[in-house]
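Under numbering that gives the first Met the number 0, read the sequence shown as residues 0 to 325, first letter to last. Here a beta-carbon is modelled for each residue, glycine too, at the ideal position from N, C-alpha and C. This one's a predicted model, so the numbers in the text were calculated from it and none came from an experiment. Report on one structure; see the data block that follows.
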Amino acid sequence: MIIARTPLRISFFGGGTDHPEYFLKEGGAVLATAIDKYAYVTANRFLSHMFDYAIRLSYSSVELAKTVHHIQHNVFRECLKHTGVAKDVALHSIFDTHAFSGLGSSSSLTVSVLHALHCFNKKIVTAEKLAREAIFIEKHKVKDKVGCQDQVTAAYGGFNLIEFKTEKDFLVRPVSISHKRLADFESHLFLVYTGIMRRASAVTAHQIKRIDQNTDALRTLKEMAYRGYDILTKNKPLQLFGEQLHDAWKIKRTLDGGVSNPTIDSLYQKGLEAGAWGGKLLGAGGGGYVLFFAPPYARAKLTKTFPKKDILPVKINAPGSQIIFS
């Protein structure tokens, strides 16, 4: 058995500038971290000549396919095609938390499937290769309207400023801060689930159509990624980070009418009233998790404000995609 483990992510600033429709003209930058919540994919070899199918898949559904082309799940199908695995494989996927929740789960799944299949082929791959392949598959084979940041964070892990020039030309700059500073920053993070699941590609498709209208707003969001990096690396007060998140969320809400809704707005306001300095809805919008950035002394009030089942504790700076068993 092969087990690939790939982290989910929190994106703080710069979301939307990781779309080629924007960064090929303006350049893109995103500040994001991998978290200790994962997409797992197992790959087992079996003797398909003993069955009436060649490939077995298990996710939220089960597929028994005679050929790769018969597979319904787009990501599994295209990853199998890409790696040349055509038979004798059983793949199973599972997540630590909700899928379609703004944590980059779709890209983490793609990276995890690729990593498991490369290992199945007895090949060792770099984080850069995994990221590039995942971007190619999601954008050009599955044809999802997604950006390029999630695949990079899933493959590389860590806490990084990621700069984009082309789909194949990205620069990963680690946020180099002390363990104490990192722990202090982490203690300010508070995630709450909205109870709404949504596919990012459905929301981003509308946002991509409005990129020319939103160029100035996206340029500001990109600049915020650099400012957030400076706040962290130059030991500026963390309250500035939280306040900038609030400003970024106000801008993000203007990008498209589908970014927020009354449920999300109400939840966000409750977080501010409980003491958060700022926050944002994670992912493209419409549902998933809301991130609050709050001083540690406000955590008790935040915990009382929201149902326990909706609160997701996280640790940041998690390692990138790994084969943890083979």
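Mind reading off the beta-carbon distance from Thr-193 to Thr-262? Whole number of angstroms is fine, and I expect it under 8 Å.
6 Å
Between Leu-46 and Arg-55, is the Cβ-Cβ spacing less than 7 Å?
no
Stretch-stretch touch, CB-based, cutoff 8 Å, three pairs: the segment 297 to 310 with the segment 172 to 181:
no
Measuring alpha carbon to alpha carbon, tell me which of Cys-147, Arg-44, Gln-238 ends up nearest Glu-354.
Residue coverage of the chain in this structure runs from 0 to 325, which leaves residue 354 outside it and unanswerable.
Can you tell me whether Ser-59 is buried or exposed? The criterion is at least 16 other CB atoms within 10 Å of its CB, across all chains shown.
exposed
Terminal residues of the continuous alpha helix (DSSP H) containing Arg-218?
214 to 232
Can you name, in chain order, every residue of its own chain whose Cβ lies under 7 Å from the Cβ of Lys-144, other than the five neighbours on each side?
Ser-200, Thr-203, Ala-204, Ile-207
So, under 8 Å CB-CB, Pro-294 and Gly-274 are touching, yes? Tell me the CB distance rounded to an integer number of Å.
7 Å
Under the three-state reduction of DSSP, which class applies to Arg-172: helix, strand or coil?
strand
For Phe-163 versus Phe-50, is the C-beta distance shorter than 7 Å?
no
Any contact of the segment 25 to 32 with the segment 125 to 134, i.e. 3+ C-beta pairs under 8 Å?
no
Can you give the Cα-Cα distance for Leu-290 and Gly-241, rounded to whole angstroms?
10 Å
Residue of Ile-1, Ser-10, Pro-6 minimising C-alpha distance to Leu-281
Ser-10
Who are the near neighbours of Phe-169 in its chain, counting only those whose CB is closer than 8 Å to its CB and skipping five residues on each side?
Ala-130, Cys-147, Val-151, Ile-161, Glu-162, Phe-163
Tell me which residues share the same chain as Tyr-267 and place their Cβ nearer than 7 Å to its Cβ, disregarding the 5 neighbours each side in the sequence.
Gly-278, Val-289
Using the DSSP secondary-structure output, state which residues sit across from His-91 in a beta bridge.
Thr-41, Ser-57
Please state whether DSSP places Gln-328 in a helix, a strand or coil.
Residue 328 lies beyond the residue range present for the chain, which begins at 0 and ends at 325; the question has no answer from this structure.
Which class does Val-110 belong to by DSSP, given the choice of helix, strand or coil?
helix
How should Val-61 be labelled, buried or exposed, when 16 other C-beta atoms within 10 angstroms of its C-beta is the threshold for buried?
exposed
Measure how close the beta-carbons of Ala-89 and Asn-43 come, nearest whole angstrom, since I'm counting them as under 8 Å.
4 Å
What number of angstroms, rounded off, separates the C-alpha of Leu-244 from the C-alpha of Phe-12?
7 Å
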